[in-house]
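Here's the structure we're looking at; comments come further down.
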Amino acid sequence: MEDLEIVDLYWARDESAISETARKHGAYCRYIAYHILWNEEDSEECVNDTYLSAWRAMPDQRPARLGPFLGKITRNLALNRREAYHAEKRGHGQTPLALDELRECVPAPDQTAQAVDDLALAQLLNRFLASLPREKRKIFMRRYWYLSPVKEIAADYSMSESKVKMILLRARKSLKQLLKDEGIGL
Amino acid sequence: MSEKRLLYALGQVDESYIEEAAPGGFPQERAKGAGSRRGVVIALAAAIMVLGAAAALAAGRGISVLEWIVRAQPDSDPAYLQTQLDNGQWVYMDGDNIAVIVPESPVKILLSADAGETWRETVLVESKGMEYLGEWRENMRYHGGYIGFNGKESGYLVLTSGVSMNHQALRIFLTSDGGETWQETDTPYSQHVSVLTGAGFSSENIGFISYRYYEDAGPDIWWTSDGGETWSKLEVELPEDMKRYNFTPQSPSFDGLRGVYPIVAMSHEPEYETTVYLYSDDGGLTWRFDS
């Protein structure tokens, strides 16, 4: 079933919207949840929460791209769930590793740095992503949006792990420079 | 923490960037006497691990196997190809017998029975095209391949496409005349799609395809007992105390009816990687985990 037809089911409050969503996008959402939570049961619950959130969001929303729309919901839910686990001291290991890497992008505190809201930050990230060559952008997104392990990215792009790490290092440096040039503090 | 803010802010970027990078499809019982044979099968597993390294040294026609492949695919990353060789792709060695996949279009198989002194060559004319993401593509470039023999005549060849959206197409060919001719057989592709991490056959009928864990912890293994006509998921029982690991099966290896299936187990807290093994005494019909 086409995504637009699935969205129509949501708008018609037809419960088969959930099963059609699960059939078409379930694996994708599970991938996102699993690579943040690293636990099958938690991931499954997170994906079910995604369907519930989608049911609540449509209407009013009518996403043009249903996959990324669901992916964003899953990612947020999984990150929030992970935060809660960390608060309870029962977290897992992958996200902190990516956070360590992202820390390198953050410019040193500066008096001239201006605090920006989330929307402005997302717009700056869009500009940064648009400036990257397509393949490097995909690798950056695989690591920091999907939180995929470097080994997995290397296999998918037929590259050595060291080459992937080098691409990510250069991208992080570019992002840091852009944040610095724009005088943006985080 | 500002890096955390960055992580969350990334969640709000343009959906086209999320879409183009999407990895997923928008889409034991210990048998009696097993211990005494354990050394043999572990040696078999170890042989797989050193296969790639040995292949790099197995010079033929004056150049190494890696150079053959780089010449066939000049735009490939040699470091990645070396990783594939280290993982047992592209080449098979057993005593003086060597088989090498040269990923030209069509694919060429080089065979030697005297440790690389002399070579014979077969060309798989049928390998020129491949069904990929729902359409037939001519002059397909294969990104990986597994080749092996069980006995002098019977052998298998698994060719793989590149990876896109956790999707990797494959073709399987079998030979019953020592690699002179190859016949294509079915794959699990119509039932299951993921990224291949290994392949192997114990006979002309029994074969295995290994896939990377994706939606769950794995191991994700599909097998056939009728020469590839039908495929089903292999149910594997791993120990209870490894519940927090993810499993990536590699290529199984066989010595007659005895087989060993190496499976990489990875935990994330603590970050730790090890290899566990499944063993078979009946050519892969049944497997058991041996701690």
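Chains A and B supply the protein sequences, listed in that same order.
Residues in the first sequence are numbered consecutively from 12, following the numbering used here.
Residues in the second sequence are numbered consecutively from 17, following the numbering used here.
We put the beta carbon where it would ideally sit given N, CA and C, even for glycine.
How about the segment 134-141 of chain A and the segment 180-193 of chain A: do they share at least three Cβ pairs that are nearer than 8 Å? yes
With M152/A as the anchor, note down where its alpha helix (DSSP H) starts and where it stops. R145 to Y155
With DSSP as the reference, label D271/B as helix, strand or coil. strand
Check whether the segment 62-80 of chain A touches the segment 156-174 of chain A, taking contact to mean three or more Cβ pairs, one atom from each stretch, closer than 8 Å. no
Indicate the three-state DSSP secondary structure (helix, strand or coil) for G216/B in the structure shown. strand
In chain order, which beta strand (DSSP E) runs of at least 3 residues are fully inside the segment 54-82 of chain A? none
Outcome for V141/B when other beta-carbon atoms lying within 10 angstroms are tallied against a minimum of 16: exposed
Return the residues of the segment 49-66 of chain A that lie within a Cβ-Cβ distance of less than 7 Å from chain B, sorted by chain order. W49 and E51
Fully enclosed by the segment 129-157 of chain B, which alpha helix (DSSP H) runs are 4 residues long or longer? none
Three or more C-beta pairs below 8 Å linking the segment 138-151 of chain A and the segment 17-36 of chain B: yes
Expected contact under 8 Å - CB spacing of C116/A and L22/B to nearest Å: 6 Å
According to DSSP, what are the bridge partners of L132/A? DSSP, once it has assigned bridges, lists no residue as partnering L132/A.
Report the three-state DSSP secondary structure of Q199/B (helix, strand or coil). strand
If you pair each beta-carbon of the segment 20-28 of chain A with each one of the segment 256-269 of chain B, do three or more pairs fall below 8 Å? no
Is K20/B close to chain A? Criterion is C-beta to C-beta, closer than 8 Å. yes
Could you give the DSSP three-state label for G194/A: helix, strand or coil? coil
Can you list the residues of chain B that Y21/A reaches, using a CB-CB cut of under 9 Å? Result: empty, since nearest Cβ-Cβ is about 17 Å, beyond 9 Å.
For C40/A, which of D111/A, L180/A, S142/A and L158/A has the nearest alpha-carbon? L158/A
Less than 8 Å between CB atoms is the rule here; does G6/B satisfy it with respect to chain A? Limits of chain B in this structure are 17 at one end and 307 at the other, which puts residue 6/B out of reach.
So, is the C-beta of I34/B closer than 8 Å to a C-beta in chain A? yes
Kindly indicate if chain A contains any beta-carbon less than 8 Å away from that of Y230/B. yes
For the candidate residues V292/B, G171/B, T240/B and A25/B, whose alpha-carbon lies nearest to that of D257/B? V292/B
By DSSP, does M258/B sit in helix, in strand, or in coil? helix
Beta-carbon spacing of R187/B, T203/B below 8 Å: yes
Around the Cβ of L113/A, are there at least 16 other Cβ atoms within 10 angstroms (buried) or fewer (exposed)? buried
Classify W239/B as helix, strand or coil using the three-state DSSP reduction. strand
CB I222/B to CB G299/B, shorter than 8 Å? yes
Where the alpha helix (DSSP H) through D102/B begins and ends: P94 to D102
Can you list, in chain order, the residues of its chain whose CB lies under 6 Å from that of I163/B, leaving out five sequence neighbours each side? Y108, A115, I117 and L173
For the alpha helix (DSSP H) containing T32/A, name the first residue and the last one. S27 to L48
Separation of Y45/A from A129/B, as counted between CA atoms: 47 Å
I want to verify the contact list: residues of chain B whose CB lies under 7 Å from the CB of K149/A, in sequence order. E36 and A37
Report the neighbours of H208/B on chain A: residues whose CB is nearer than 9 Å to its CB, in chain order. Neighbours of H208/B on chain A: none; closest Cβ ~11 Å, over 9 Å.
Starting from V109/B, follow its DSSP beta bridges and name the residues at the other end. At residue 109/B the sequence reads Met, which differs from the Val that was named. Answer is I114/B, bridged to M109/B.
Return helix, strand or coil for V123/B, following the three-state DSSP convention. strand
Along chain B, in chain order, which residues have C-beta atoms closer than 8 Å to that of V117/A? S18, E19 and L22
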